[in-house]
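Just so you know, the working numbering puts 374 at position 371 of the sequence shown, and the rest follows in order with no gaps. First comes the structure, then the notes that go with it.
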Amino acid sequence: MARVNGKKIKERYHMLGQELAEAGIDIDQAKEKLKAFEVEVPSWVFGVFGGGRFGDYMPPAPARDFHAKIRDAAMVHKLTGASPRVAIHVGWDKPEEIAFEEVYVDHFAEPRDYAREQGIDFGAVNPTLFLTGTHYGSLSSPLPGVRRALIQHCEVCCRIAAKHAQGLVTYWLPDGSNYPGQRDLWQQEQLVREAFRQIYDSAPDTVVHLIEYKLFEPGTYSTVIADAGAAAAIADSLGDRAGVLVDMGHHPFGVNVAQIVARLVNTGRPGGFHFNTRYAADDDHSVEPNISMYAIFCELIKGAVVCAQDPARNWAYMIDQCSSLENRIRAVLHSIDSLQISLTKALILDRYRLEALQQRQDIILANRVFLDAFLTDVRPILQMARLEKDLPLDPVAAYDETGYQQKIEQERR
Ligand code: PSV
Ligand code: MN
């Protein structure tokens, strides 16, 4: 965003407001909803990972311990005012503590307090089901000892979530197979269901469980929870406090994610969304304000699970991106900016007009009305919201001015 002063922003906001008022759209209402939007950032996006066949390149200054990840997440919130929670990955954030026993629960009190001192809190709790011993799978491992240990790990995570976070646990399983015949597919599914049953039944009843699906990884032939239907079937079998977690990157190309969202919202179950851009049929890239993101927000708004009047109805939102080449903090700030743009576009959609056209099966006009909002430059609304919240107008540019990057590059050499 170009540098503009407060007076200019107000003028632009006013002009856009007048234009949209003619279509019956209340720009102030859109702005207030936008201000209420919150998205979590994951601790792991700031941490040490990368490497592979191109060597060990990592963007400079990865956070090397849990506290550093928390400070990076707090910096993101300071600049955006929109990410007041950091999602944690038990066993990854503190690799020395995989947390198989009850005693670990209170080990998370100290970092939680540290997060609060930095101005943020803990969000979703992620068990780590893909570390040592899980090369044949996690909750469906053929090794009963591995299954037992990981079920206990999930149980501990549920207690951490209930006691030190928001009561939300999100699960991603690396379970699948590489060749036909390698595993009994029926048995794998059964084992996963039994494990979830045990975890759900033993969890404090304030805990909400979201099950994430992914087309592949690491299994290249089969994946136990490969799609929304598989995740939903498990969630349905558990109870009201279980739902599906959609990750934008986890679908084959061409899959209509907005439609999946519509279907899931319509079930009335809890849900969540991990944002990124699906370029690689995986979850690597920062969010861009593209048509898919806009269409997804349109469904979330229709279902009143984003910026809801009753925040308890909101789905759980998190950015999940890998940032293997780009500066991580900048990349996350860019994603939040992109999400806010997409959300704002969806907030100014002329729904009444669209519904009328849908009723009449007016294919082209309905599409044009849908695109009207998408093609509108909504940045005056976003800038006005930031101005009112005393936030930098461009979080990415503001980050570069903080000197934080230079500081961490020195400290984390
Ligand atoms: C693996 O694909 C993954 O990126 C999932 O999306 C999880 O949400 C994340 O890792 C953390 O386990
Ligand atoms: Mn994810």
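For glycine and all other residues, C-beta sits at the position ideal for the given N, C-alpha and C.
| query | Are Q185 and S143 closer than 8 Å when you measure CB to CB? | reply | Cβ atoms of Q185 and S143: not closer than 8 Å.
| task | Give the straight-line distance between the Cα atoms of D421 and I351, rounded to the nearest whole angstrom. | result | This structure leaves residue 421 out entirely; the chain is present only between 4 and 416.
| request: Consult DSSP for H254 and reduce its assignment to one of helix, strand or coil. | output: Taken through DSSP and simplified to helix, strand or coil, H254 comes out as coil.
| request: Locate the alpha helix (DSSP H) running through T347, then write down its first and last residues. | output: Element bounds for T347: 331-350.
| Does any heavy atom of ligand 1 sit closer than 7 Å to the C-beta of W175? | Within the cutoff, so yes.
| query | With 16 as the cutoff for other CB atoms within 10 Å, does A5 come out buried or exposed? | reply | For A5, the predicted structure reports a pLDDT of 49, less than 50, and the residue's modelled location is therefore unreliable. The matter cannot be settled from this model.
| If we count the other Cβ atoms within 10 Å of its Cβ and call it buried at 16 or more, is G274 buried or exposed? | Burial call: buried.
| task | Determine the contact status of I263 and V290, defining contact as a CB-CB distance below 8 Å. | result | Not a contact, by the Cβ cut-off of 8 Å.
| Nearest-angstrom Cβ-Cβ length linking Q343 and L134, presumed shorter than 8 Å | Actually they are not in contact, since the Cβ atoms of Q343 and L134 sit about 34 Å apart, beyond 8 Å.
| Any heavy atom of ligand 1 closer than 7 Å to the CB of D286? | Flag set: Cβ of D286 near ligand 1.
| Less than 8 Å separating the beta-carbons of V128 and V93? | Contact: yes.
| Alpha carbon of F40 to alpha carbon of T347, nearest angstrom | In this structure, the alpha-carbon of F40 lies about 10 Å from that of T347.
| ligand 2 heavy atoms versus the CB of D178: any closer than 7 Å? | For D178, the shortest C-beta to heavy atom distance toward ligand 2 is 7 Å or greater.
| request: Just tell me which of D124, E329, Q193, I154 has its CA closest to the CA of T131. | output: If we check each option's Cα against that of T131, I154 comes out closest.
| For G122, the three-state DSSP class (helix, strand or coil) | Residue state, collapsed to three classes: coil.
| What three-state label does DSSP hand F111 in the structure shown? | F111 falls in the helix class under three-state DSSP.
| Contact check, I339 vs T83 under 8 Å by CB: the rounded distance? | Rounded to the nearest angstrom, the Cβ distance from I339 to T83 is 5 Å, consistent with a contact under 8 Å.
| query | beta strand (DSSP E) containing H277: first to last residue? | reply | In the DSSP annotation of this structure, the continuous segment of the beta strand (DSSP E) that includes H277 starts and ends at 274-278.
| task | Assuming D417 contacts G252 (C-beta within less than 8 Å), just tell me the rounded distance between them. | result | In the structure displayed, the chain extends from 4 to 416; residue 417 sits before or after that span and is not available.
| DSSP-derived helix/strand/coil call for A5 | With a pLDDT of 49 at A5, under the threshold of 50, the modelled position of this residue cannot be trusted; read the value that follows with caution. Three-state DSSP puts A5 in coil, outside helix and strand.
| task | Below 6 Å CB to CB, which residues in the same chain sit around G20 once its five sequence neighbours on both sides are set aside? | result | The beta carbon of G20 is closer than 6 Å to those of I30 in its chain, skipping five residues each way along the sequence.
| request: Assign E302 to one of two classes, buried (16 or more other C-beta atoms within 10 Å of its C-beta) or exposed (fewer than that). | output: Classification for E302: buried.
| Which residue from D239, F219, G242 puts its Cα closest to that of F256? | Answer by Cα proximity: F219.
| request: Return the chain-ordered list of same chain residues with a C-beta closer than 8 Å to the C-beta of L336, the five sequence neighbours on each side being excluded. | output: Here the set comprises V79, L82, T83, P398, V399, Y402.
| said: Which residue wins for smallest C-alpha separation from Q324, given the options E99, E22, M18, G50? | reply: Nearest C-alpha to Q324: G50.
| query | According to DSSP, what are the bridge partners of L171? | reply | Answer by DSSP bridge pairing, in chain order: V211.
| request: Please list, in chain order, all residues with a C-beta atom less than 5 Å from at least one heavy atom of ligand 4. | output: Among the ligands modelled here, namely ligand 1 and ligand 2, ligand 4 does not occur.
| task | Please list the segments of the alpha helix (DSSP H) lying wholly inside the region 20-105, counting only runs of 4 or more residues, in order along the chain. | result | Within the region 20-105, the complete alpha helix (DSSP H) segments of 4 residues or longer fall at 30-39, 69-83, listed in chain order.
| Is Y297 closer than 8 Å to S345 when the C-beta atoms are compared? | Cβ distance < 8 Å, so S345 and Y297 count as in contact.
| query | Tell me which same chain residues have a C-beta within less than 8 Å of the C-beta of Y224, skipping the five on either side of it? | reply | Cβ within range, chain order: G179, S180, N181, Y182, P183, Q185.
| said: Can you give me the C-alpha to C-alpha distance between I202 and T173, rounded to a whole angstrom? | reply: Distance between the alpha carbons of I202 and T173: 12 Å.
| said: Here's the rule: buried if 16 or more other CB atoms are within 10 angstroms of the residue's CB, otherwise exposed. What is I367? | reply: Looking at its Cβ environment, which holds fewer than 16 other Cβ atoms inside 10 Å, I367 is exposed.
| request: Compute the distance between the beta-carbons of F373 and Y320, then report whether it is under 8 Å. | output: The Cβ atoms of F373 and Y320 do not sit closer than 8 Å to each other.
| message | Contact defined as beta carbons within less than 8 Å: I believe V195 pairs with I237. What is the distance between those atoms, to the nearest angstrom? | response | Going by Cβ atoms, the distance from V195 to I237 rounds to 7 Å, so yes, they are a contact pair.
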